[in-house]
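Following: one structure in structure tokens, then a few remarks.
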Amino acid sequence: MFLRTSSRKGVKCKMNDTGAMIEVVDLHKRFKDLHVLKGISTSVKQSEVVAVMGPSGSGKSTFLRCMNRLEEPSSGHIYIEGIDILAPYIDINRVRTEIGMVFQSFNLFPHLTSIENIKLAPMSVRKISDQEATERGMALLDKVGLVDKAKVYPEQLSGGQQQRVAIARALAMQPQIMFFDEPTSALDPEMIGEVLDVMRNMAKEGMTMMVVSHEMGFIKEAADRILFLVDGLIVEDGTPDQIFNYSKNERTLEFLSKII
Amino acid sequence: MNPMSATPAPKNKFARTHPGWSVWLRRPSVTALSFAVLFAYAFFLLPTKDTAPPFLFYLSINLFIVLVLAFTGNILADPKKPEALKMIAALLLIAVFCWLFYRYSGAQWGRLKDFFFNWETLEGNWWILWQGLEVTLLLAFISGIGSVLVGLLIAVLRTLHSPTLNFFLKVYVDVFRSIPMIVVMVFIFFALPFMGISLGSIVTTILALSLGYGAYASECFRAGIESVHSGQLEAARSLGLSRWKTISKIILPQAFPVVIPPLTGTLVAMLKDTAVASIVAAPELLKRARELYTSETNPTPLVAAALIYLVVLIPLVRAVNVLENKLQKRRKV
Amino acid sequence: MAQPASSQTNISRLSDLKDKVGHVPFIRRNSFVYGSLSLLVIYALFLLPSKGSPDTVDLGRIVIFCLLLLVWAFIIFTDELKPEKLKTIMVFSIFIIAGWLYYRYSTARWGEMGFLFFNLEMVQKAWPTLVEGFWTTLLLAICAAIMSTVIGLLLAIFRSFNNPVLNFFIIAYVDFFRAMPIIVLMMLIYYALPFMGIRLSAIVSGILALGLNSSAYVSEIFRAGFLSIKKGQIEASSALGLNPIQTMRFVILPQAFRVVIPPLVGNYVASAKDTALASSISIIELLKAGLSQKSLLANPSPLIFVTALYLVMFVPLTRFSGYLEKRMKESQRQVRL
Ligand SMILES: Nc1ncnc2c1ncn2[C@@H]1O[C@H](COP(=O)(O)OP(=O)(O)OP(=O)(O)O)[C@@H](O)[C@H]1O
Ligand SMILES: [Mg+2]
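Residue numbers (the working numbering), protein chains in the order written: chain A, 21 to 280; chain B, 142 to 474; chain C, 4 to 340.
So, in structure tokens, the structure goes:
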């Protein structure tokens, strides 16, 4: 891997031309004296679907949240399309419009209806007209199968429906990358399928995705790669086949034996 | 004869071994007895005016009150007593209190009309009270705006999470929530002139109320902002909303219903506290009423002022109550 | 969906960021900070009026200067990326500038400041009265607290019987005393009642007004405490075979206590603060003592001392009641999860 400039001090934009969509170099994150991420380096190509797995507390959520700077990384570099998003002059809000994020706890805005949730960001950030935003929003709701719930407030929706609206909300910004942080782990079993279906379709359409999930079926079928995170380090990086069938790493095997 | 009574009662391990005192207390005979005791007490033991020595006088009245409360409470707490009986007990309770007050307060009831509701003394003076009310409302209005602005500013500055700033803001809020409003006013009005700052009574009042209630208002705002779940902020940020967009579109709409009830309560308390401004000679309602009271040597103006305060404030107090109950219900859902 | 097309436009959108230093908003740039700072300094040096009592135009200039300063500070404070050290320095420099402006333009006689304000000799002279005032304040606060607790508890108990007649009177009582400003109540009791033959001493009037007012709030607090206990709790404890007294002792009272104590303490503190209002009916409590000594000695030191004393007494109390309330909220949150 070749970096043209390595200093973060320079004013000129630093590029690195590996052609990857996301390039993470030696990412560290500390919470006071707790060292959560201990040097993560990886890259994600366009249209790749990467599953992130690992035991609880290994730093999966922190990793994702660092990549759109919901948490400020302590050191390291993150390049999105070759642009160092940690550079001081970067308007992080513009980067975030390119990265959709779906949370475990949905985080829909309770004071807005489904369609308003979806319209809010395109209208106030992208300055799209109300009409166009509504059209696009309805198309997205159609995609996640919830057109009839457009005028409904989140509290009247089931968990699975809320999560699908949350996905539609993230898609409304037409992001190039989608992050999912355990999107199904707060859901009842019968609702998990409907959310995973939506995600599967997105993967087929060529969305670049990073998914923290322990849904083996979904990962086997949809993921191109698995990152296995233990104690803030990537201990394994390979295709689902490699990891599930040929892994020799003790921690991986132990973890897999627990969740299967 | 009942055939059942011939056989000895089957041994029941669930049966009560003794009737508890609560069962005893609920017997009709006890109820009747208690009424009898009360009437006897009222007729024979209650002192007539000015007869008994003061200690016994108070002791016997207070004992009577305790007994009345206990007996009526005993009836009212029993779910099996008929509604009518409870109603009688309640009316009796109220009647007893009125009667006791009428008899023992030492008031000369004949003077009520002359000194409390003597509207003739107010004839031609109503406009003075009216002016006072205007000043009161004006003071409340301006200081209301002032305190909301101060509170909002503090709350917004606190969301910046700068430790130094937060320290000073906390000191400010603590100081003004700790000192009684009257002390703030007195301090500004009587001590600051020695420092070369002389403010009129109106300005003093507005300043004191705005600064003091600004501290309370800031706490209301802060509670509202904190009530918005942190996931909401993250979702907004991950969508790329800017900070001000996040505040205006996500936080404020959600914080608003949480802020309004306590904020209204604070503002109503502030309206009540405008009466304190009479200490620093602001010409508001209470001050005007006191002037009239002195010039007419009749307390009717004071009573009138009190009534005006009640007329203005009771609806507001009720409204705050309703708002708070609504919020509570919303929280429970 | 036309994913590839939109993704094309997206790429160009992101590429905008490259080499665009100008994307840092103007007011966040260092050049703005230094530029505006030097402008402020120039303003201070050349446009601020010279020393002495200012006229209207001068006053306007000073006010504009202060406003500019505050706006400038606000811009810097809202910038997350500026270092904390800078903000600390700014807070202190704003205090210094404010002090300097005041020193420069106020008509205060600075030479006599020590004599006027922090004159321990005067405080010493006033000392006996102040001590007496302190005890009176304490007496008022404690008596009012006892009275309000007794009345408030009784009201709450009788309210819980849900008898419509009683409820009507209790609600009327509570609303009456919550709506009536304490100071008005005091004056009614102290100045108006004697005309009806009810002569109460100033202290008793004060206690009565404070206690009656606070009893309305106390009754609401106890009522909330009673209501906070869910029916399920009583059912659950009867299901466990606890008798009524055990239910009371182990289930109801601990829960009610947790709900009642924090607002109750807050209410006592508030009503202790309200004792200062008793100065309006010539009770020599702390504030009145300070005021009377101030006029007697023609020196505000006793008043300053009294204010400081109020701070010393009530800041810890306010903090304590705030702490209790916070702890209660947290424990409630834990229960709900
Ligand atoms: N804001 C924070 N402050 C302090 N410590 C934190 C914070 N957020 C996370 N941590 C700590 O960082 C570690 C990693 O947390 P993280 O949420 O990334 O784990 P995870 O892999 O997502 O676990 P899970 O599967 O349970 O979601 C944990 O030990 C957690 O306690
Ligand atoms: Mg996690």
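Glycine included, every Cβ here is placed at the ideal spot set by N, Cα and C.
Coil, strand or helix - A:Glu202 by DSSP: In the structure shown, A:Glu202 sits in coil (DSSP, three-state: anything other than H, G, I, E or B).
B:Thr262 beta carbon less than 9 Å from that of B:Leu454: Cβ distance not < 9 Å, so B:Leu454 and B:Thr262 don't count as in contact.
Distance CB(B:Gly381)-CB(A:Ala141) smaller than 9 Å: Cβ atoms of B:Gly381 and A:Ala141: closer than 9 Å.
Cβ of B:Lys390 within 9 Å of any chain A Cβ: Under the 9 Å criterion on CB atoms, B:Lys390 is classed as interfacial with respect to chain A.
Outcome for A:Ile194 when other beta-carbon atoms lying within 10 angstroms are tallied against a minimum of 16: It is Gln, not Ile, that sits at residue 194 of chain A in the sequence shown. Around the beta carbon of A:Gln194, 16 or more other beta carbons lie within 10 angstroms, which makes this residue buried.
Three-state class that DSSP yields for A:Met73 in the structure shown: Three-state result, A:Met73: strand.
Beta-carbon neighbours of A:Thr117, restricted to chain B and to distances below 8 Å: Residues of chain B whose Cβ lies closer than 8 Å to the Cβ of A:Thr117 are, in chain order, Leu380 and Gly381.
DSSP three-state assignment for C:Glu83, whether helix, strand or coil: Three-state DSSP puts C:Glu83 in coil, outside helix and strand.
Below-9 Å beta-carbon distance, B:Ser319 vs any chain C residue: Against chain C, the CB of B:Ser319 has a partner CB under 9 Å away; the residue lies at that interface.
Reduced DSSP secondary structure (H/G/I, E/B, other) of B:Asn378: It should be noted that the sequence gives Arg, not Asn, for residue 378 of chain B. Helix.
Ligand 1 site residues, beta-carbon cut 5 Å against heavy atoms: Residue selection by CB proximity (closer than 5 Å to any heavy atom of ligand 1) returns A:Phe51, A:Val56, A:Ser76, A:Gly77, A:Ser78, A:Gly79, A:Lys80, A:Ser81 and A:Thr82 in chain order.
Spatially closest choice to C:Ile186 from B:Phe198, B:Leu427, B:Gly285 and B:Arg471, by CA coordinates: Measuring from the Cα of C:Ile186, the nearest candidate turns out to be B:Leu427.
Within-9 Å CB hit, A:Leu161 to chain B: No, A:Leu161 does not count as interfacial toward chain B.
At least 3 beta-carbon pairs within less than 8 Å: the region 91-101 of chain C vs the region 259-269 of chain C: The region 91-101 of chain C is not in contact with the region 259-269 of chain C.
Where B:Gln373 meets chain A, residues with beta-carbon distance less than 7 Å: Correct list: Asn127 and Phe129.
Distance, B:Val209 Cα to C:Leu188 Cα: Spanning the two alpha carbons is a distance of roughly 28 Å.
Pairwise C-alpha distance: C:Asp277 and C:Ala317: The sequence given here has Phe at residue 317 of chain C, not Ala. The straight-line gap from Cα to Cα measures roughly 12 Å.
Contact under 9 Å by Cβ, C:Ala239 with C:Val254: With respect to C:Val254, C:Ala239 sits close: the two C-beta atoms are nearer than 9 Å.
Backbone CA spacing between C:Gly25 and A:Ala107 [nearest angstrom]: Confidence is the limiting factor: at C:Gly25 the pLDDT is only 42, short of 50, which leaves the residue's position unreliable, though a coordinate-based value still follows. Straight-line Cα distance between these residues: approximately 13 Å.
Residues that B:Leu217 contacts on chain C, provided the C-beta gap is smaller than 8 Å: Simply Phe161, Phe164, Asn166 and Leu169.
Test: A:Ser233 CB closer than 9 Å to a CB of chain B: Chain B contact via Cβ: absent.
Contact between the region 388-396 of chain B and the region 315-322 of chain B (3+ Cβ pairs under 8 Å): No: the two stretches stay apart, fewer than three of their Cβ pairs being nearer than 8 Å.
Per-residue DSSP class, three states only, for A:Gly96: Here A:Gly96 sits in strand by DSSP.
At least 3 beta-carbon pairs within less than 8 Å: the region 141-151 of chain C vs the region 207-220 of chain C: Judged by Cβ distances under 8 Å, the region 141-151 of chain C makes contact with the region 207-220 of chain C, as three or more pairs qualify.
Contact with chain A by B:Arg459, beta-carbon distance below 9 Å: It does not: the Cβ of B:Arg459 has no partner Cβ on chain A nearer than 9 Å.
Residue burial classification, A:Val185 (beta-carbon count within 10 angstroms, cutoff 16): Result: buried.
Buried or exposed (CB count within 10 angstroms, at least 16 for buried), C:Tyr108: With 16 or more other Cβ atoms within 10 Å, it is buried.
Close Cβ partners of B:Lys467 (< 6 Å) along its chain, the five nearest in sequence each way excluded: Closer than 6 Å at the Cβ level, and outside the excluded window around B:Lys467, lies no residue.
Cβ-Cβ distance between B:Val327 and C:Leu306 below 9 Å: Result yes, Cβ atoms of B:Val327 and C:Leu306 sit closer than 9 Å.
Reduced DSSP secondary structure (H/G/I, E/B, other) of A:Glu270: In this structure, A:Glu270 counts as helix in the three-state DSSP scheme.
Chain B contact residues for C:Ala279, given Cβ-Cβ distances below 7 Å: Per Cβ cutoff of 7 Å: Pro321, Ile323 and Val324.
Whether A:Val45 touches A:Tyr99 by CB criterion (9 Å): Yes, they are a contact pair.
Beta-carbon proximity of B:Val461 to B:Gly406, cut-off 9 Å: Yes. Within cutoff.
Helix, strand or coil at C:Ile286 according to DSSP, with G and I counted as helix: Correct three-state label for C:Ile286: coil.
Segment contact flag, the region 82-96 of chain A with the region 53-64 of chain A, C-beta cutoff 8 Å, min 3 pairs: Flag = yes, the region 82-96 of chain A and the region 53-64 of chain A touch.
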